[in-house]
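Notes for the one structure printed next.
Protein chains: 2
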Amino acid sequence: MPQVAFLECSRCCLHHDATTPQTVCTACAGSLYVRYDLSAATGTAVRDRIGTTEQDHRWSGMGRYRDVLPAVDPVTLGEGWTPMLPSRRNGNVWLKEEGANPTGTFKARGLALAVTMARHYGLKKLAAPTAGNAGGALAAYAAAAGMEAHIFMPKDTPMANQVECRAYGAHLTLVDGLISDCGRMVAERSPKEGWFDVSTLKEPYRVEGKKTMGYELVEQLGWEYPDAVFYPTGGGVGMIGMWKAFLEMEELGWVSGRRPKMIAVQAAGCAPVVRAFQQGQAASQMWQDAHTAASGLRVPKPYGDYIILDIVRQSGGTAVALSDDTIFASLKDWASHEGLLLSPEGAAATAAYDHLIRTGFLSPDETVVLFNTGTGNKYTDVIGARV
Amino acid sequence: MPQVAFLECSRCCLHHDATTPQTVCTACAGSLYVRYDLSAATGTAVRDRIGTTEQDHRWSGMGRYRDVLPAVDPVTLGEGWTPMLPSRRNGNVWLKEEGANPTGTFKARGLALAVTMARHYGLKKLAAPTAGNAGGALAAYAAAAGMEAHIFMPKDTPMANQVECRAYGAHLTLVDGLISDCGRMVAERSPKEGWFDVSTLKEPYRVEGKKTMGYELVEQLGWEYPDAVFYPTGGGVGMIGMWKAFLEMEELGWVSGRRPKMIAVQAAGCAPVVRAFQQGQAASQMWQDAHTAASGLRVPKPYGDYIILDIVRQSGGTAVALSDDTIFASLKDWASHEGLLLSPEGAAATAAYDHLIRTGFLSPDETVVLFNTGTGNKYTDVIGARV
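Protein chains in written order, with full-length UniProt numbering: chain W, 1 to 387; chain C, 1 to 387.
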C-alpha cells in the first residue's frame, strides 16, 4: 500500500501537505486530489495478483485495490466489489449494482475512506450536508469508528435515510430547504462546534474511495474500457473518482485504449450540469426550485461542476436530463423485465441509455456501464407512491 | 458442474427422479435433498481453485461453488459471496452480512436456484406463501426469468416487501392471517391454476441454494469450522442447507474437525422450534397467536421442523427465543456501535449471542458466526417506529 505523497489542487495544481487534515485548496478553493508514488504497483503482474491474495480471501471489497489506496488501517463495513450484471435484453449493457454496498448505496465507498482518514488524523467529530444517502453512510462509518456524526438533511428526504441516521446514533438535523442550504449550515457551524466538514469535494478522500468504481468496472470487463459510462450526477464525486482511476490505471499500464464517453445523468427538475454543458459553460449556475423524486440528484450546484463538465467534454460524452415520469417508467421496466429494483437515480441512468439509443448518440452494439447508485429498498415510500 | 443424480427423501430416504419437477416425498411427504456424484470435486486442489477462474472474474457470487451445484444455466442477479465482518468489540464474533444480496436478503440464494431449476424444467408459473422476503426474492428472479410469480403474504408484512413484489410485476395477494394461512391458499389454488408451488422445503432447490451459506462461511474462515453458528429460524431452510454443506465438504475433503454448534434463534412471540427443543420433541406444534416485529420469524410451524431439531441436537447446539424488546435493543446496539443496520431477524441472532454468553453456554473466546439475514433498509417502517 502506498503512502500519500501530497494533495494537489484540481484547479491550480498547488500542492498541500497530506500529514494533516486538509479541506480545499488554500489558494483557490479547488478540490484536492490525492497523489502517490505508485511505481511499486506498475505493470500487469501487480494487477493480476488482485483478488488472489490471502487478505482477499474473506471479503476484501474495495480493499482489493489496496495497491492504489492510502496505507492506513481501514474502517470497513464490506464496501465495494459489487456485482456487474449483464442486461437480459442486451448483453452489451452492464448494470453496476451499487445497491449491494453497506447502507445500500455507492456513498459507502467515499465515506469509508473519508472516515478511515479522519480516524487516521485523529479527528473525532464529522459533519456533512446530504441529499440522503451520504448521510446514512457517514452515520454508519462514524458509528463503526466511534466518532460523532452531525448530519444536515432536507426534511423531505426519503424515510429510510432519516431512520438509518437515527439508528446509527448520528445527530440529525432536518432542514426546510435543499442540500445547498444544509451545506451553508454545516459550513457556518463547523468551526464553532469543532466539526470536520466532510462535504462532497471539500475533503480529498471521498473522491479517492469512489475511484474504486473505476478500477472495478475496468477489472470486471477484463481490464478493458467500455464505450460509455452512465453516471447519475448529483455531486458528481463518482465521475471525478472514476476519471482519476482511468488516468492512474493508464500510468500503471493496467489498461489502455480509448477512455469511455462519460454521460452525466440528471433529473429535469434539477439539471445544472446538463444546462451548463448545453450552453458551453465551464461551470454551472445554481438551479432554482430544484425538485425531483430522485432525491440524490437534488443538488442545485455541485461544488465540482467545473471538473465534471471538463470530464464529460474531454471524454466525448454528453449530459442528459430526464423527467421523473420517464425515470419511474424505466424503474418499473427494469424491475419487471430484469428483476432489479433500482433507485430512482439508477433508473435515471437506464432511462438515459434508452434516450441516447433513440437519438443515435450511441448504438446498441456499444458496450456501456450503467450505474445503479443505490438499492430501491431505500425508496420504498417513493416507489410505493408511483408504482 | 455436476449433474443431479437423484433426489432423496430427508425422512425415509426414498429416491426420486430428478429429470422432472418434484415437490415432496411421494411416500412420506418429507423434504427432498439433491444428491450428486461429487467425485470430480474431491480434494483441496478443486477447493483452492475456487474464486480464481476466469468465470469468477467479474462477479460470480454463489456461482463460485458451481462444482457442487446443478449443471444448469443459472438465473442470477449477483447473489452470494456476501461480506463476513468481524465485530469491533470481539474479533471472534463474525457477522455474515446477507443484506448485501439482491433484494437485500438471504432469500435470494434459495430462490435463485429454485427459479433456475424451474426454468430448466420448463415451468412458467410459480407460487409461494411468504412472511415477506422470500416473496420479494421470488418476484425478482421470476421477473428475471420471464416467469409468472403468484405471492401470498400477510397483510401486515413490512411495506418494502409489498412494494417490491408489485414493482417486479408479481401477482400479490395480501392475506388477513399468517404464512400458514397463505400456505394453505397456495396449496389449494396451485393445482387448479397450474402454478408450481415453491414453498419452503416443498421443492428441493431452495435448500440447495441456501447451502452456499455453509460453503461460504467455512471458506471465509480459511476452510475451518467456527464453534457455533447463530441462525434466525423462520422456515429454517438455511440451517438445513448449511448442515448439508458441511456433510458434503467433509466428504469432499474440503474441511474437517468438529462441526459448529447450530443455534436456532426465534422470537418469543413465535417460538415453535424452541418449545419443541426444550420439551424434547422430534417435531414442533403449531404456535398459536404468533406475533413479532421480526416478521421473517413469524412462522408458526416450519415444515422442516424435524430436520431443524435433529440438526440442533446432533450439533450440540441449542434453541433460543428473545423478546421483541431485546431484539430491538440489540439492533440499536449493533447500529450505533458497529455501524450495521441489521434486520430484526438478524438482531435476534446478535441478541441470542449476548444471551448465551451471559448464561455461559458459550465463552467469548469461541469463534461464532451470526447471520444477519437481511438489510435493515427493508424494515424502515418497523425500525422507525422503535428506534
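For glycine and all other residues, C-beta sits at the position ideal for the given N, C-alpha and C.
Exercise for the section: Under 8 Å between beta-carbons, which chain C residues line up against alanine 143 of chain W? List them in chain order, please. Expected result: Indexing the first sequence from 1 puts residue 143 of chain W at position 143. In chain order: Ala335, Ser336, His337, Glu338, Gly339.
Handout entry: Where asparagine 101 of chain C falls: helix, strand or coil (DSSP)
Key = The sequence position of residue 101 of chain C within the second sequence is 101, counting from 1. Here asparagine 101 of chain C sits in coil by DSSP.
Practice task
For chain W, find out if any of its Cβ atoms is closer than 8 Å to the Cβ of leucine 69 of chain C; answer yes or no.
Solution key: Looking up residue 69 of chain C in the second sequence gives position 69. Taking Cβ atoms only, chain W never reaches closer than 8 Å to leucine 69 of chain C, which makes this a no.
Exercise for the section: Compare the C-beta of threonine 52 of chain C against all C-beta atoms of chain B and say whether one is closer than 8 Å. Expected result: The chain inventory of the structure shown lacks chain B, comprising the protein chains W and C.
Practice task
Starting from tyrosine 168 of chain C, find everything on chain W with Cβ-Cβ shorter than 8 Å and list it in chain order.
Solution key: Numbered from 1 along the second sequence, position 168 holds the residue referred to as residue 168 of chain C. What tyrosine 168 of chain C touches in chain W: Ala335, Ser336, Gly339, Leu341.
Exercise for the section: Could you name the residues of chain C that alanine 160 of chain W contacts, counting a contact when the two beta carbons are closer than 8 Å? Expected result: Walking along the first sequence from the start, residue 160 of chain W turns up at place 160. Neighbours of alanine 160 of chain W on chain C, chain order: Asn377, Thr380.
Handout entry: Proximal residues of chain C, C-beta to C-beta of isoleucine 327 of chain W below 9 Å
Key = By 1-based counting over the first sequence, the position of residue 327 of chain W is 327. Those within 9 Å of isoleucine 327 of chain W in chain C number zero; the least Cβ separation is about 14 Å.
Exercise for the section: Return yes when the Cβ of alanine 267 of chain C is within less than 8 Å of the Cβ of alanine 348 of chain C, no when it is not. Expected result: The sequence position of residue 348 of chain C within the second sequence is 348, counting from 1. The sequence position of residue 267 of chain C within the second sequence is 267, counting from 1. Yes.
Practice task
Return the Cβ separation of aspartate 305 of chain C and valine 274 of chain C in integer angstroms, given the expectation that the two are a contact with Cβ distance under 8 Å.
Solution key: For the purposes of this step, residue 305 of chain C is taken as residue 305 along the second sequence, with counting starting at 1. For the purposes of this step, residue 274 of chain C is taken as residue 274 along the second sequence, with counting starting at 1. At roughly 11 Å, the Cβ-Cβ gap does not stay under 8 Å, so aspartate 305 of chain C and valine 274 of chain C are not in contact.
Problem - Close Cβ partners of cysteine 270 of chain C (< 8 Å) along its chain, the five nearest in sequence each way excluded - result: Taking the first residue of the second sequence as 1, we reach residue 270 of chain C at position 270. Only Trp287, Ala290, His291, Thr292, Leu297, Arg298, Val299, Pro300 meet the Cβ criterion.
Problem - Own chain partners of valine 72 of chain C with C-beta closer than 7 Å, once the 5 adjacent residues on each side are dropped - result: Residue numbering aside, residue 72 of chain C sits at position 72 when the second sequence is read from its first letter. The answer, listed in chain order, is Thr116, Met117, His120.
Handout entry: Length of the line joining the Cα atoms of glycine 236 of chain C and alanine 352 of chain C
Key = Looking up residue 236 of chain C in the second sequence gives position 236. Looking up residue 352 of chain C in the second sequence gives position 352. For glycine 236 of chain C and alanine 352 of chain C, the distance between alpha carbons rounds to 16 Å.
Practice task
May I ask you to verify whether the stretch 50-65 of chain W touches the stretch 17-34 of chain W, counting CB pairs closer than 8 Å and requiring at least 3?
Solution key: no
Practice task
Compare the beta carbon distance of serine 295 of chain C and proline 191 of chain C with 8 Å and say whether it is the shorter of the two.
Solution key: Here residue 295 of chain C is taken as the residue at index 295 of the second sequence, counted from 1. Here residue 191 of chain C is taken as the residue at index 191 of the second sequence, counted from 1. No; because the gap between Cβ atoms is not below 8 Å, this pair is not in contact.
Handout entry: Within-8 Å CB hit, glycine 78 of chain C to chain W
Key = Residue mapping note: residue 78 of chain C aligns to position 78 of the second sequence, counting from 1. Closer than 8 Å: yes.
Exercise for the section: Mind reading off the beta-carbon distance from serine 39 of chain W to isoleucine 307 of chain W? Whole number of angstroms is fine, and I expect it under 8 Å. Expected result: Here residue 39 of chain W refers to the residue found at position 39 when the first sequence is read from its first residue. Here residue 307 of chain W refers to the residue found at position 307 when the first sequence is read from its first residue. In this structure serine 39 of chain W is not in contact with isoleucine 307 of chain W, their Cβ atoms being roughly 26 Å apart against a cut-off of 8 Å.
Practice task
Compare the C-beta of glutamate 250 of chain W against all C-beta atoms of chain C and say whether one is closer than 8 Å.
Solution key: For the purposes of this step, residue 250 of chain W is taken as residue 250 along the first sequence, with counting starting at 1. It does not: the Cβ of glutamate 250 of chain W has no partner Cβ on chain C nearer than 8 Å.
Handout entry: Extent of the continuous alpha helix (DSSP H) run through arginine 119 of chain C
Key = Against the second sequence, residue 119 of chain C aligns to sequence position 119. Per DSSP, arginine 119 of chain C belongs to the alpha helix (DSSP H) from 107-120.
Practice task
Using a threshold of 8 Å, state whether the C-beta atoms of leucine 341 of chain C and glycine 376 of chain C are closer than that.
Solution key: Along the second sequence, read from residue 1 onward, the residue named residue 341 of chain C stands at position 341. Along the second sequence, read from residue 1 onward, the residue named residue 376 of chain C stands at position 376. Yes, Cβ-Cβ distance for leucine 341 of chain C and glycine 376 of chain C is below 8 Å.
Exercise for the section: Would you list the residues sitting across from leucine 85 of chain C in a DSSP beta bridge? Expected result: Start at 1 with the first residue of the second sequence, and residue 85 of chain C comes out as number 85. Paired residues: C:Leu95.
Practice task
Out of W:Ser87, W:Met62, W:Arg88, state which residue places its alpha-carbon closest to the alpha-carbon of proline 83 of chain C.
Solution key: Along the second sequence, one-based indexing puts residue 83 of chain C at 83. Checked all of W:Ser87, W:Met62, W:Arg88; the closest Cα to proline 83 of chain C is W:Met62.
Exercise for the section: With distances taken Cα to Cα, identify the nearest neighbour of alanine 167 of chain W among W:Asp176, W:Leu138, W:Thr212, W:Asp181. Expected result: Translated into positions along the first sequence, residue 167 of chain W becomes position 167. Nearest option by C-alpha distance: W:Leu138.
Problem - Collapsed DSSP secondary structure at alanine 267 of chain W in the structure displayed - result: What you label residue 267 of chain W is simply residue 267 of the first sequence in a count that begins at 1. Looking at alanine 267 of chain W - three-state DSSP - the assignment turns out to be strand.
Practice task
Say whether chain W places a C-beta atom closer than 8 Å to the C-beta of lysine 210 of chain C.
Solution key: The count along the second sequence starts at 1 and reaches residue 210 of chain C at position 210. No, lysine 210 of chain C lies away from the interface with chain W (no Cβ there is under 8 Å from its Cβ).
Problem - Unbroken alpha helix (DSSP H) run spanning isoleucine 240 of chain W, endpoints - result: Taking the first sequence and counting its residues from 1, one reaches residue 240 of chain W at position 240. Residues 237-252.
Exercise for the section: List the residues that DSSP assigns as beta-bridge partners of residue 468 of chain C. Expected result: There is simply no residue 468 of chain C to check, as chain C begins at 1 and stops at 387 in what is shown.
Handout entry: Chain-order list of residues whose beta-carbon lies under 8 Å from that of leucine 252 of chain C (same chain, five-residue window excluded)
Key = On the second sequence, residue 252 of chain C is found 252 positions in, with the first residue counted as 1. Here the set comprises Leu38, Ala41, Thr42, Gly43, Val46, Arg47, Val68.
Handout entry: 6 Å Cβ shell around glutamine 3 of chain W - same chain, five flanking residues per side excluded
Key = Within the first sequence, residue 3 of chain W is the residue found at index 3, counting from 1. Once the five neighbours on either side are set aside, the close Cβ partners of glutamine 3 of chain W are Ala71.
Handout entry: Contact with chain C by arginine 275 of chain W, beta-carbon distance below 8 Å
Key = For the purposes of this step, residue 275 of chain W is taken as the residue at position 275 of the first sequence. So no, arginine 275 of chain W is outside the interface.
Practice task
Measure from the C-beta of glycine 61 of chain W to each C-beta in chain C and report whether the shortest distance is under 8 Å.
Solution key: In the first sequence, the residue the question calls residue 61 of chain W occupies position 61. Using beta-carbon distances, glycine 61 of chain W counts as an interface residue toward chain C, with a partner under 8 Å.
Problem - Alpha carbon of alanine 276 of chain C to alpha carbon of methionine 239 of chain C, nearest angstrom - result: For the purposes of this step, residue 276 of chain C is taken as residue 276 along the second sequence, with counting starting at 1. For the purposes of this step, residue 239 of chain C is taken as residue 239 along the second sequence, with counting starting at 1. Spanning the two alpha carbons is a distance of roughly 17 Å.
Problem - Opposing strand residues paired with arginine 35 of chain C [DSSP bridges] - result: Sequence index remark: in the second sequence, residue 35 of chain C carries index 35 (1-based). DSSP, once it has assigned bridges, lists C:Phe6 as partnering arginine 35 of chain C.
Exercise for the section: Scan the stretch 80-112 of chain W for residues whose Cβ lies nearer than 7 Å to a Cβ of chain C and list them as they occur along the chain. Expected result: Pro83, Met84, Leu85, Arg88, Glu97, Ala100, Gly104
Handout entry: Residues that valine 387 of chain C contacts on chain W, provided the C-beta gap is smaller than 8 Å
Key = Here the question's residue 387 of chain C lines up with position 387 in the second sequence. From the beta-carbon of valine 387 of chain C, the residues of chain W found nearer than 8 Å are Val163, Arg166, Ala167.
Practice task
Examine chain C for any beta-carbon lying closer than 8 Å to the beta-carbon of glutamine 3 of chain W, and answer yes or no.
Solution key: The count along the first sequence starts at 1 and reaches residue 3 of chain W at position 3. Chain C, which has no Cβ nearer than 8 Å to the Cβ of glutamine 3 of chain W, makes this no.
Exercise for the section: With 8 Å as the limit, tell me which residues of the stretch 303-333 of chain W have their beta carbon closer than that to any beta carbon of chain C; keep them in chain order. Expected result: Along the stretch 303-333 of chain W, going in chain order, the ones with a CB nearer than 8 Å to a CB of chain C are Leu331, Lys332.
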